[in-house]
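Sequential numbering from 12 applies to the sequence shown in my numbering.
Structure, as structure tokens:
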Amino acid sequence: QDKAVYGLETIREQLDLFDTMPESDQVILLRDAVDNLSELDAMNAELLAVYKQRDIEGLLALNEVSMQTGDQRLAKDFQKRVIDDRNHLMAERMQQYLQQGKAFVAVGALHLPGEEGLLNLLEQQGYTVRRVY
12 QDKAVYGLET IREQLDLFDT MPESDQVILL RDAVDNLSEL DAMNAELLAV YKQRDIEGLL
72 ALNEVSMQTG DQRLAKDFQK RVIDDRNHLM AERMQQYLQQ GKAFVAVGAL HLPGEEGLLN
132 LLEQQGYTVR RVY
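Okay, structure coming up:
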């Protein structure tokens, strides 16, 4: 359809989220992921079901429950690095496209809800946010 496509962040920036994390924390995250691998499919299915119900706050609640396992300091740091900090960066970077109008923005569902979520950040910047799904 001859539409321009832009990224809100680079692969390098995504990888840097982990590269700037202490190696000991990376090991803890990896071990936690491996230890909970059997639960991952069920958790993803539950996230998808909540998303399909358009329950944005339910997504946030599921994310908070998933963060209750393991090292709480690390879970909070992970949430800040991987979701909250990126939300602020993406909200800033999408401004030029939103101001041009007719922009379609796609992000992972967990970037939408909460005080630090993109929906709230955009509303704080004066945008009217409405569901299209």
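Yeah, the Cβ is synthetic: ideal placement off N, Cα and C, and Gly gets one too.
- The beta carbon of L130 is closer than 8 Å to those of I67, L123, P124, V140 in its chain, skipping five residues each way along the sequence.
- With 16 or more other Cβ atoms inside 10 Å of its own Cβ, L71 counts as buried.
- Put simply, of A120, E126, L132 the residue whose alpha carbon is nearest the alpha carbon of A60 is A120.
- Counting along the chain, the unbroken alpha helix (DSSP H) around E134 starts and ends at 129 to 135.
- Across the structure, K63 and G69 are spaced so that their CA atoms are roughly 11 Å apart.
- A residue is called buried once 16 or more other Cβ atoms fall within 10 Å of its Cβ, and N55, having fewer, is exposed.
- Per DSSP, the unbroken alpha helix (DSSP H) holding H99 starts and ends at 96 to 104.
- DSSP places K113 in no alpha helix (DSSP H); its state is neither H nor E.
- Between the C-alpha atoms of L58 and N74 there is a straight-line separation of about 9 Å.
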